[in-house]
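For the sequence shown, this note's numbering begins at 21 and goes up steadily by one.
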Amino acid sequence: MGEKKRKENYEPQFVFDKRNYKFMLIGVAFIALGFILMTGGGSDDPNVFNPEIYNWRRIRLAPAMVLLGFAIEVYAILLKPDSKEEN
C-alpha cells in the first residue's frame, strides 16, 4: 500500500531548469558562431600565399567567441536551479 502511494506521488525531475537550457543554447550558438568566423581565408592555389588567413576576425574574434561560448556553457551547468519547497 505504501509503495503504491509513493509511486503515485512520484514526479520525475530534470537535472536542469528551463533557464539552464536557455543558457546552454546561447553558449552553443556562440561556439558555432566562433567556428563559422574562423572559416575561409585559404587560397585555391597552394603555391600562392593569402595573407587574409591572418585576419583580425580569424585570429582574435573567432577564438574569443568560442572561449566565451565555453564560459557560458560552464555558467549554464553551474547555475543554481530555483529552490522549491518540498513538504
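The beta-carbon is built from N, C-alpha and C at its ideal position, and this holds for glycine as well.
Query - C-beta atoms of GLY61 and ASN70 nearer than 8 Å - result: ASN70 sits close to GLY61, with the two beta carbons spaced by under 8 Å.
Query - Beta carbon of LEU99 nearer than 8 Å to that of PHE43 - result: It is a contact, given that the beta carbons lie within the stated cut-off.
Query raised in the report: What are the uninterrupted segments assigned as alpha helix (DSSP H) that are 4 or more residues long and contained completely in the stretch 35-74, given in chain order?
Result: Correct list: 38-58.
Query - Own chain partners of ILE46 with C-beta closer than 7 Å, once the 5 adjacent residues on each side are dropped - result: Scanning its chain for C-beta atoms nearer than 7 Å, with the 5 sequence neighbours on each side dropped, one finds around ILE46 the residues ILE92, in chain order.
Report task. Output yes or no for whether 8 Å exceeds the beta carbon distance between ARG58 and ARG78. Result -> The sequence given here has Met at residue 58, not Arg. Between MET58 and ARG78, the CB-CB gap stays under 8 Å.
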